Amino acid sequence: MIRRAANRCAAPSQHTALQLLAGCLCLLTGAALAQDKTASGVFSAVSDSVVLVSVNDNNGKTISRSNGVVIAAQVVASNCAGVRKAGAVQVSHHGRSFPATVTYIDGEHDVCSYAVAGLNAPAATLGSTASAHVGHRVFTIDTLKGGQLNISEGLIAGRRSLAGGYYLQLSTPLSRGSAGGAVFAASGHLIGLSVRSREDIDFAAPVEWLGALAQRDSGPTGPPAASILDDLNRTIALHNKGDWLRMGRHAESWMQRAKTTEPAWFALAMGYAGINQKPIAVEVFQQALRFDPEDTDAWQQLGAVQLALGQFQNAGISARRALRIDPEHADAWLVLGNAYQNLGQSDKAAHAFQQALHIAPNNGEAWFRLGNANLHRNTLARAVDGYQRALQFEPDNADIWSNLGLAYDRLEQDQNAIDAYRKALKIDSGHGNTLVNLGNTYLRIGRTEDAVLSYRKALEINPKNPDVLINLGKALGARGDHQQAADAYRERVTSNPGDAIAWFNLGISHDQMGQYPQAIEAYRNAVRFDDKLSNAWHNLGIDHAGLHQYADAIAAYQHALLIDPQRASTWFNLGTAHLGMAQNDKAVAAYQHALQIDPTIVEAWGNLGLAHQRLGQHAKAVEAFAKAVQINPELAQAWGNLGLSYQRLEQPQNAIAAFTKAVQIEPALAGAWQGLGESHLSLQDYPTAIAALAKATQIDPQAALAWFNLGNGYLAIRDYPKAVVALLEASRIDPEHADTWNNLGVAYVGVKQQQNAIDAYRHALRIKPAFAKAVAGLTVAQAGMGLRSEMMESWRTLNAIDPATAEAVKRAVIDPQ
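Every number in my numbering is 1 more than the matching position in the sequence shown, counting from 1.
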């Protein structure tokens, strides 16, 4: 019989909330690609393309100096510092100065280009900010005061999609006056122009803006366009500080002043997201996208907010829109992967996280999420690898250590799991999920004391955690504290009466304490709240059967089988309940169902044999018992029952073989000794029969039938005194057995105790008035005592019952007198 509690396992720990960043991500260190150059290599390859741009007023006074970079033959790009007031522009290269003319002005983005006649400098190779990711190395080349070129190396610390490119935040330390300097990728490709903000944060205007100068040109005579960069830089600085309220207020002010409002709407949306006003943030992101439907960051951040709101389908749609614009947007792949994960599509989630890591292999968040996806896919070795890689970048992240422990636990690498959980708890001692999962590992490997301790600590953190209360109950039950286990389950159902699993486990605790009525009540509550809980129906049937409430047991088993018709143990138990109600045909059908599902259930074969015996189908019973002992040759009871059916089929030799096997396996099996003796009696092997029957009475002194047959054995060899002793014991145990009294009468006659014989025969006839043998014996005993009138009366009774026997008695006893 199966009594199995359902184990609630705590869910994997979730990582910290999704980053709702405009691109200012945490700084990561990244290894250089194989084709990347060193700082000296980049400098030697591209420095000849870097120039100094000086802007003079109409009086020849220098009003600004900026760095610039050659982007085409005799064409220089730089910022627009002082260009509106310029009287003359000079470009310096290797100590020579060349007059320059403004060709295009994009004042909004602070990018200008100049035509420089006579300039003989190579053009830089233009790259793309779409392939520039957080953690990539960058190099900025600018001009020092003395005219010498300087190279600075750093990393991309963040990025923000804007106007067709990515505005990059740099960790490169820029020198004063270095605005407009060329920013190169490690490959040597130009990816932007350096921008220094008032907040002393360094940025790079994307190289894509240079290619759009002709389309965005406001002309040297048009009204000056206000640059958005100061406002943009300000919002990024506030974002980096997490100052969401001031960020939102600045965005609103910017929207009132700005001609182009999309970046301001984006910043406002980020502010709302930061103060957890996510439904409003969704609306504001959507407004930003109406102004610029190609803003990949806006699509990605919209998806991140939708993800946080549980709008997983919408989050996936937004992430895919971002990726349609920029297939190498690592954060968009992350959002898409998380959307798939929450939709239960772990394979697609894993693919998305792998795409993110292909783009940004040093993204610890992506490695963590990939580990989670593989954990859900049950590809556990890959999950371990993902978590270990994530820990290279975030070694103090308790969530990662906790989920690594869970992966190890499922791999049954128990010590590794425990070590990982302990590491998580060292980082965060109040990490509730870790305490639960650590307790689960301890419970699985039998360290119940440690499991109880872990669960109790978890309860201190969250007293209402359903997983803790249920698993604590299991741990307490495993160490034998069934009352405390019941108390834990009872506490759970008190706070949540509809928790079917808690009711179910409470039932198991009551079972363990032998409190079957209380267990029945608990199981009934379990199925009341979840009528599909087949284990509860199954155990309910077991408890009803244990209390001999077979009709209720049958009803419970039938419910269980409606839910799980392939559960062999339930069919077996149903058969046993039918057997208890003497519904032998139904018992046979139930056992046959059980054996169709699992032919190895030896008990089902044994009980099937019993049902056939009760139906008088001894040939079928022999087949069933033979199958039982074929599966388990050491099953003494089955051998004994096999012998009994052979007896009924009048196959004494087979019966003797079966009974002998039974007592060889279990020498204290009284019934088998009795059957063995009876079989030998039928073959008239009286000494062997007497020895077996005597053994049966030694083992079970209350076995009336064994005493009866032992007496018969003694009668057969005419050992009347011993026959009297055996038959007297049989009559004491079962005084209503007419044959015993009759045979006792025979034994008394044998020892010439005629009055005792008469009394014994009269006992037999009181029980069975038409018992011809007893009447005949009584007639003979009365004749022996000379009681002629009583003898004749008895003979007349015999003649009425059995004339043939009466005639034989007349010739043998009456006529000679």
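Don't be surprised by glycine CBs; every beta carbon is placed ideally from N, CA and C. Since this is a predicted model, take the numbers as computed values, not measurements.
Beta carbon of residue i nearer than 7 Å to that of residue j
i: Tyr105; j: Leu214; result: yes
i: Asn343; j: Phe313; result: yes
i: Ala707; j: Ala697; result: yes
i: Val453; j: Ala476; result: yes
i: Val139; j: Val70; result: no
i: Ala765; j: Trp742; result: yes
i: Ala46; j: Val112; result: no
i: Gly433; j: Ile471; result: no
i: Asp429; j: Ala399; result: yes
i: Ala309; j: Lys279; result: yes
i: Tyr558; j: Leu534; result: no
i: Ala731; j: Ala705; result: yes
i: Gly272; j: Gly249; result: yes
i: Gly714; j: Ala690; result: yes
i: Gly372; j: Ala384; result: yes
i: Ile598; j: Gln638; result: no
i: Ala727; j: Leu745; result: no
i: Thr141; j: Ser132; result: no
i: Ala490; j: Gly474; result: Residue 490 is actually Tyr in this sequence, not Ala. Cβ atoms of Tyr490 and Gly474: closer than 7 Å.
i: Asp468; j: Val437; result: yes
Sheet register partners of residue i (DSSP bridge)
i: His94; result: Arg97
i: Ala205; result: Leu169, Ser195
i: Asn151; result: Asp143
i: Asn398; result: Beta-bridge pairing links Asn398 to no other residue.
i: Leu53; result: Asn68, Ser93
i: Cys113; result: Ser79, Ile106
i: Gly159; result: Gln170
i: Thr63; result: Asn57
i: Ala185; result: According to the sequence provided, residue 185 is Phe. The question's Ala does not apply to it. Phe140, Leu191.
Residue i, buried or exposed, once every other Cβ within 10 Å from all chains shown has been counted against 16
i: Thr798; result: buried
i: Glu679; result: buried
i: Ile605; result: Before going further, note that residue 605 is Ala rather than Ile in the sequence given. Answer is buried; the Cβ neighbour count reaches 16.
i: Ser254; result: exposed
i: Asp500; result: buried
i: Glu263; result: buried
i: His549; result: exposed
i: Gly148; result: exposed
i: Val43; result: buried
i: Ala32; result: Residue placement at Ala32 is flagged as unreliable, the pLDDT there being 31, under the threshold of 50; the coordinate-derived value follows with that caveat. When all chains shown are included, Ala32 counts as exposed.
i: Leu770; result: Residue identity differs from the one stated: residue 770 is Pro in this sequence, not Leu. The residue is exposed, with fewer than 16 neighbouring Cβ atoms inside 10 Å.
i: Gly24; result: Legend: pLDDT at Gly24 = 31, less than 50; position of this residue unreliable, value from coordinates given subsequently. Buried, since its Cβ has 16 or more Cβ neighbours within 10 Å.
i: Asp232; result: buried
i: Val283; result: buried
i: His511; result: buried
i: Thr601; result: exposed
i: Asp816; result: exposed
i: Ile276; result: exposed
i: Ala758; result: buried
i: Asp397; result: exposed
i: Arg812; result: exposed
i: His359; result: exposed
i: Ala809; result: exposed
i: Leu246; result: exposed
i: Tyr341; result: buried
Cβ separation of residue i and residue j, assumed to be a contact under 8 Å, to the nearest whole Å
i: Ala421; j: Gly406; result: 3 Å
i: Arg411; j: Leu392; result: At roughly 18 Å, the Cβ-Cβ gap does not stay under 8 Å, so Arg411 and Leu392 are not in contact.
i: His134; j: Ala331; result: 6 Å
i: Leu269; j: Gln287; result: Leu269 to Gln287, Cβ: 12 Å. No contact.
i: Val52; j: Ala122; result: 7 Å
i: Ala673; j: Gly644; result: 7 Å
i: Asp555; j: His579; result: A small fix is needed here, since residue 555 is Ile in this sequence, not Asp. The pair is a contact, with the Cβ atoms about 7 Å apart (cut-off 8 Å).
i: Val54; j: Val103; result: With a Cβ gap of about 10 Å, Val54 and Val103 do not count as contacting.
message = Quick check on the DSSP output: what are the complete alpha helix (DSSP H) runs of length 4 or more inside the segment 248-292, in order along the chain?
response = 263-275, 279-292
ask   = Which runs of the alpha helix (DSSP H) spanning at least 4 residues fall entirely within the segment 411-466, listed in chain order?
value = 415-428, 433-445, 449-462
ask   = At which residue ranges does the segment 671-705 contain complete alpha helix (DSSP H) runs of 4 or more residues, listed in the order of the chain?
value = For the segment 671-705, whole alpha helix (DSSP H) runs of length 4 or above, ordered along the chain, are 671-683, 687-700.
request  = Taking only runs that begin and end inside the segment 574-645, name each unbroken alpha helix (DSSP H) of 4 or more residues, in chain order.
outcome  = 585-598, 603-615, 619-632, all fully within the segment 574-645.
message = My parser needs the alpha helix (DSSP H) runs of 4 or more residues fully inside the segment 475-510; what are they?
response = The segment 475-510 contains these whole alpha helix (DSSP H) runs: 483-496.
Those runs of the alpha helix (DSSP H) which lie wholly inside the segment 711-769 and span at least 4 residues = Whole alpha helix (DSSP H) segments, 4+ residues: 721-734, 739-751, 755-768.
task = Jot down the residue ranges of each uninterrupted alpha helix (DSSP H) in the segment 508-535, minimum 4 residues, whole runs only, in chain order.
result = 517-530
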